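Chemist: If you read the sequences in order, they're chains A and B. Counting in our numbering, the first sequence runs from 45 upward without gaps. Counting in our numbering, the second sequence runs from 373 upward without gaps. C-beta atoms are modelled at their ideal positions from N, C-alpha and C, and glycine is treated no differently. Just so it is clear, the structure is predicted and the values come from calculations on it, not from any experiment. Have a look at this one before I ask anything.
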Amino acid sequence: MSGAPPVLELRDVRCAFGDHEVLRGISLSVHRHEVVALIGASGSGKSTLLRTANLLEHIGDGQVLLAGEDISDPRVDADAVRARIGTVFQAYNLFPHLSVLDNVTLAARLVHNVPRARAEARALDLLASIGLGAKAKAFPDTLSGGQQQRVAIVRAIATEPELLLLDEITSALDPELVGEVLDLVRRLKDDGATILMATHEMAFAREVADRVVFLDQGRVCETGPAREVLGTPREPRTREFLSRVLAP
Amino acid sequence: MTPEVRLGGQGDRSDVGRAPHEPSELELGRRAWRRKQTTRSVLVSLASTVVFATLLVLALRASPGWARVQDSFLDPATARESLPRVLDGLWLNLRVLLAASAGVLVVALVVATLRTLRGPVFFPLRALAAGYTDLFRGTPLIIVLYVIGFGVPGLQLFGRMDAAFWGTIALVLTYSAYVAEVFRAGIDAVHPSQRLAARSLGLTHGQTMRRVVLPQAVRKVTPALMNDFVAMQKDVGLISVLGAVDAVRAAQIEVAQHYDFTPYVVAGLLFVALALPVIRLTDWYAARLRAREQMGSLV
Ligand SMILES: Nc1ncnc2c1ncn2[C@@H]1O[C@H](COP(=O)(O)OP(=O)(O)O)[C@@H](O)[C@H]1O
Ligand SMILES: [Mg+2]
Numbered sequence: 045m046s047g048a049p050p051v052l053e054l055r056d057v058r059c060a061f062g063d064h065e066v067l068r069g070i071s072l073s074v075h076r077h078e079v080v081a082l083i084g085a086s087g088s089g090k091s092t093l094l095r096t097a098n099l100l101e102h103i104g105d106g107q108v109l110l111a112g113e114d115i116s117d118p119r120v121d122a123d124a125v126r127a128r129i130g131t132v133f134q135a136y137n138l139f140p141h142l143s144v145l146d147n148v149t150l151a152a153r154l155v156h157n158v159p160r161a162r163a164e165a166r167a168l169d170l171l172a173s174i175g176l177g178a179k180a181k182a183f184p185d186t187l188s189g190g191q192q193q194r195v196a197i198v199r200a201i202a203t204e205p206e207l208l209l210l211d212e213i214t215s216a217l218d219p220e221l222v223g224e225v226l227d228l229v230r231r232l233k234d235d236g237a238t239i240l241m242a243t244h245e246m247a248f249a250r251e252v253a254d255r256v257v258f259l260d261q262g263r264v265c266e267t268g269p270a271r272e273v274l275g276t277p278r279e280p281r282t283r284e285f286l287s288r289v290l291a292p
Numbered sequence: 373m374t375p376e377v378r379l380g381g382q383g384d385r386s387d388v389g390r391a392p393h394e395p396s397e398l399e400l401g402r403r404a405w406r407r408k409q410t411t412r413s414v415l416v417s418l419a420s421t422v423v424f425a426t427l428l429v430l431a432l433r434a435s436p437g438w439a440r441v442q443d444s445f446l447d448p449a450t451a452r453e454s455l456p457r458v459l460d461g462l463w464l465n466l467r468v469l470l471a472a473s474a475g476v477l478v479v480a481l482v483v484a485t486l487r488t489l490r491g492p493v494f495f496p497l498r499a500l501a502a503g504y505t506d507l508f509r510g511t512p513l514i515i516v517l518y519v520i521g522f523g524v525p526g527l528q529l530f531g532r533m534d535a536a537f538w539g540t541i542a543l544v545l546t547y548s549a550y551v552a553e554v555f556r557a558g559i560d561a562v563h564p565s566q567r568l569a570a571r572s573l574g575l576t577h578g579q580t581m582r583r584v585v586l587p588q589a590v591r592k593v594t595p596a597l598m599n600d601f602v603a604m605q606k607d608v609g610l611i612s613v614l615g616a617v618d619a620v621r622a623a624q625i626e627v628a629q630h631y632d633f634t635p636y637v638v639a640g641l642l643f644v645a646l647a648l649p650v651i652r653l654t655d656w657y658a659a660r661l662r663a664r665e666q667m668g669s670l671v
């Protein structure tokens with residue numbers, strides 16, 4: 045842990061909706077080139093946590109630091125912070141009125157002032173590298189779920205964000221389409237991306253994640269190397285959760 | 373917030389008696405800062421309003437004809453004397469407004485539904501509905517008022533009806549054409565997958581429209597509908613051209629009696645006062661819709 049601060053650090057982060065406390069003091073960090081998997085039952089607050097990290101959700105208490113900078117300070121420019129973080133949602137959230145190419149280049153052109161020609165060249169490279177070069181002019185609704193999700197990932201990485209947040213990106217996909225999306229995440233990891241991902245794919249988490257964080261009742265119940273948390277969990281609640289999701 | 377939160381929790385049981393979280397120094401500092409920002413922006417807007425209003429008043433008072441305009445448009449005595457009759461007239465406006473709104477909702481919904489009918493059998497109905505909206509959206513309301521108010525009674529098909537009645541009919545005809553288009557836009561905005569889901573359950577076209585599509589469509593266009601309602605609220609004043617003694621007509625009579633335009637200003641302000649609650653309600657409703665359909669609550 046020497047030298048550079050973590051890319052993302054949460055310190056005792058809380059978030060409540062009315063009197064329902066969803067996050068009750070979450071602390072975790074994601075270091076450069078690290079892939080951290082966030083697991084936990086449905087409704088345990090994984091999506092909420094990712095949204096607070098992205099300043100899409102209000103923070104009730106605690107701090108969120110991006111590369112050492114306190115982004116939960118109300119004085120920071122939230123738009124500028126979000127421009128440094130890439131996010132992929134469970135339901136793709138592609139813009140249906142824009143072509144694949146325009147979806148991918150929108151942020152580069154609007155937010156990062158990249159000239160259209162350069163943004164499109166890079167987008168076409170990225171799309172070609174995932175085998176979707178021919179679909180650049182197509183509209184999202186004409187693609188399969190797996191193709192849409194891969195476009196959504198490319199859209200998120202097109203601006204070279206410091207951090208990628210992935211929220212159950214395979215949950216809406218047919219089983220035979222899950223593989224192609226996970227392959228892409230594997231490649232991102234090999235390219236050195238820093239990723240925090242909520243996932244239900246335990247086998248994938250064990251293979252790709254460096255560390256696993258198990259959320260339970262709005263708290264971090266157990267955290268550690270993927271092999272240990274998923275293979276030999278210490279906490280009874282982790283064991284209970286894993287036996288439930290791994291049972292056939 | 374959601375009930376399933378309460379039901380779902382094996383988790384929640386362990387929390388009984390848990391003390392509520394005390395905000396940290398840091399959070400308290402952030403809240404104080406946000407409060408300060410809010411106070412500051414309120415003060416800034418207050419100051420700029422005062423400055424702007426002062427400049428406006430000064431400019432008005434400095435104008436050469438100010439004394440004469442003040443006397444003939446803003447005379448307190450005339451305002452007081454004309455108020456009762458103008459209020460009487462406004463009561464007629466209000467009744468016409470309510471009757472016309474009910475009529476518009478029904479006619480517009482029927483016309484919008486007719487325009488969505490599929491199949492060659494319904495072509496005449498579809499064409500009729502389309503022709504109607506084209507005609508009445510294109511014609512100035514005042515001309516519709518003259519034609520309906522003076523032309524139709526001439527047919528002598530109906531018994532003697534007063535001017536307010538024909539005015540109401542003219543308003544319903546004109547506004548239904550606009551509102552039907554608003555409804556149609558709402559119907560088109562309901563995602564096709566909703567129709568597929570309803571038909572796959574065996575619902576008929578009519579059932580699908582009534583129980584699935586229209587409720588969603590109406591919700592989507594409610595702010596637009598309220599906007600049309602406000603527009604109609606002031607157009608109700610136009611029935612005075614048919615001789616109905618509404619607020620505008622009453623003000624006209626008072627103007628003639630006092631040789632002073634102040635009653636018009638009185639009537640104008642009363643119309644604004646009538647519209648304000650609905651305008652506020654529209655804002656509130658739009659804000660509520662936004663809040664409900666938002667997941668990340670910050671953008
Ligand atoms: N905008 C919101 N308003 C109220 N409650 C919410 C909101 N968003 C999430 N929640 C609640 O927060 C809890 C955690 O949700 P979420 O973060 O989506 O869980 P997960 O992604 O782990 O399934 C759930 O109980 C959910 O009902
Ligand atoms: Mg979720």
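Does chain B have any CB closer than 8 Å to the CB of ARG58(A)?
Modeler: Yes, because at least one Cβ of chain B sits closer than 8 Å to the Cβ of ARG58(A).
Chemist: Closer than 9 Å, Cβ to any Cβ of chain B: which residues of the stretch 98 to 109 of chain A, in chain order?
Modeler: Within the stretch 98 to 109 of chain A, the residues whose Cβ lies closer than 9 Å to some Cβ of chain B are ASN98, LEU99, LEU100, GLU101, HIS102, ILE103, GLY104, ASP105, GLY106 and GLN107, listed in chain order.
Chemist: Measuring only the C-alpha atoms, how far is GLY190(A) from CYS59(A)?
Modeler: For GLY190(A) and CYS59(A), the distance between alpha carbons rounds to 32 Å.
Chemist: Between LEU614(B) and GLY521(B), is the Cβ-Cβ spacing less than 8 Å?
Modeler: Against a cut-off of 8 Å, the Cβ pair of GLY521(B) and LEU614(B) comes out as a contact.
Chemist: Starting from SER71(A), trace the beta strand (DSSP E) both ways and give me its first and last residue.
Modeler: Note, SER71(A): beta strand (DSSP E), 64 to 74.
Chemist: Measure from the C-beta of ARG407(B) to each C-beta in chain A and report whether the shortest distance is under 8 Å.
Modeler: It does not; no Cβ of chain A falls within 8 Å.
Chemist: For the beta strand (DSSP E) containing MET241(A), name the first residue and the last one.
Modeler: Here the beta strand (DSSP E) through MET241(A) covers 239 to 242.
Chemist: Which residues in chain B sit within 7 Å of GLU279(A), going by Cβ to Cβ distance?
Modeler: The premise fails here: GLU279(A) is roughly 14 Å from chain B at the closest Cβ pair, so nothing lies under 7 Å.
Chemist: Name the two residues that bound the continuous beta strand (DSSP E) containing GLN442(B).
Modeler: Counting along the chain, GLN442(B) falls outside any beta strand (DSSP E), though it belongs to the alpha helix (DSSP H) covering 438 to 445.
Chemist: If you draw a straight line from the alpha carbon of LEU208(A) to that of ASP235(A), how long is it in whole angstroms?
Modeler: Cα to Cα, LEU208(A) sits roughly 13 Å from ASP235(A).
Chemist: Would you mind giving the Cβ-Cβ distance between LEU348(B) and LEU481(B), rounded to the nearest angstrom? I have them listed as a contact below 8 Å.
Modeler: With chain B running from 373 to 671 in the structure shown, residue 348(B) is simply not present.
Chemist: Could you tell me the boundaries of the beta strand (DSSP E) in which PHE61(A) lies?
Modeler: Unbroken beta strand (DSSP E) run through PHE61(A): 52 to 61.
Chemist: Quick one: which residues of the stretch 409 to 422 of chain B get their C-beta closer than 8 Å to a C-beta of chain A? List them in chain order.
Modeler: For the stretch 409 to 422 of chain B, which is checked against every Cβ of chain A, the residues closer than 8 Å are GLN409.
Chemist: Of all the options LEU543(B), TYR631(B) and SER572(B), which has the alpha carbon lying nearest to the alpha carbon of ILE611(B)?
Modeler: That would be LEU543(B), whose Cα lies nearest to the Cα of ILE611(B).
Chemist: Rounded to the nearest angstrom, what separates PHE643(B) and ILE541(B) at their Cα positions?
Modeler: Spanning the two alpha carbons is a distance of roughly 21 Å.
Chemist: Using C-beta distances below 8 Å, list every residue in its chain close to MET604(B), excluding the 5 sequence neighbours before and after it, in chain order.
Modeler: These residues qualify, in order along the chain: LEU469, ALA472, SER473, VAL476, LEU543 and TYR547.
Chemist: Does the beta carbon of LYS184(A) come closer than 8 Å to any beta carbon on chain B?
Modeler: Here the sequence assigns Pro to residue 184(A), which means Lys is not the residue at that position. No, PRO184(A) does not count as interfacial toward chain B.
Chemist: With a threshold of 6 Å on Cβ separation, who are the neighbours of GLU284(A) within its own chain once the five nearest residues in sequence on each side are excluded?
Modeler: For GLU284(A), where only same-chain residues beyond five positions count, there are no Cβ hits under 6 Å.
Chemist: Since ASP267(A) is in the beta strand (DSSP E), which residue starts that stretch and which ends it?
Modeler: Rather than Asp, the amino acid found at residue 267(A) in this sequence is Thr. Its beta strand (DSSP E) spans residues 263 to 269.
Chemist: I want to verify the contact list: residues of chain B whose CB lies under 8 Å from the CB of PRO118(A), in sequence order.
Modeler: Near PRO118(A) (Cβ distances below 8 Å), the residues of chain B are ARG402, TRP405, ARG406 and GLN409.
Chemist: Following the continuous beta strand (DSSP E) through VAL106(A), name the residue where it begins and the one where it ends.
Modeler: One point to set straight first is that residue 106(A) is Gly, not Val, in the sequence displayed. Element bounds for GLY106(A): 105 to 110.
Chemist: For ligand 1, any of its heavy atoms closer than 7 Å to the Cβ of VAL132(A)?
Modeler: No, the beta carbon of VAL132(A) sits no closer than 7 Å to any heavy atom of ligand 1.
Chemist: My assumption, with CB atoms under 8 Å, is that VAL584(B) sits in contact with ALA561(B). Please give the rounded CB distance.
Modeler: With 8 Å as the limit, VAL584(B) and ALA561(B) do not qualify as a contact, their Cβ atoms being about 14 Å apart.
Chemist: I need the boundaries of the beta strand (DSSP E) containing ILE83(A), first residue and last residue.
Modeler: Taken as a continuous stretch (DSSP letters only), the beta strand (DSSP E) holding ILE83(A) covers 79 to 83.
Chemist: Taking 8 Å as the threshold (beta carbon to beta carbon), is GLU212(A) in contact with chain B?
Modeler: No, GLU212(A) does not count as interfacial toward chain B.
Chemist: Output, in chain order, the set of chain B residues within a Cβ distance shorter than 7 Å of GLU266(A).
Modeler: None at all; the shortest Cβ gap to chain B is about 15 Å.
Chemist: If I'm right that GLU267(A) touches VAL252(A) with Cβ under 8 Å, what's the distance once you round it to whole angstroms?
Modeler: Note on identity: in this sequence residue 267(A) is Thr, with Glu being the wrong assignment. Not quite, the Cβ-Cβ distance comes to about 16 Å (not below 8 Å), so this is no contact.
Chemist: If we cut at 8 Å on Cβ distances, does GLU399(B) have a partner in chain A?
Modeler: Yes, contact with chain A.
Chemist: Exposed or buried, ASP40(A), counting other C-beta atoms within 10 Å across all chains shown (16 or more means buried)?
Modeler: Nothing about residue 40(A) can be read from this structure; chain A reaches only from 45 to 292.
Chemist: Would the beta-carbon of GLY89(A) be found less than 7 Å away from any heavy atom of ligand 1?
Modeler: The answer is yes for GLY89(A).
Chemist: Could you list which residues in chain B have their beta carbon closer than 8 Å to that of GLU65(A), in chain order?
Modeler: The answer, in chain order, is HIS393.
Chemist: By how many angstroms is the C-alpha of ALA391(B) removed from the C-alpha of VAL554(B)?
Modeler: The alpha-carbon atoms of VAL554(B) and ALA391(B) are separated by roughly 51 Å.
Chemist: With a cut-off of 8 Å on the beta carbons, I'd call VAL57(A) and THR96(A) a contact; round off their distance for me.
Modeler: Between THR96(A) and VAL57(A) the Cβ distance is about 6 Å, and since that is below 8 Å, they are a contact.
Chemist: Since GLY130(A) is in the beta strand (DSSP E), which residue starts that stretch and which ends it?
Modeler: Where GLY130(A) is concerned, the enclosing beta strand (DSSP E) stretches over 129 to 132.
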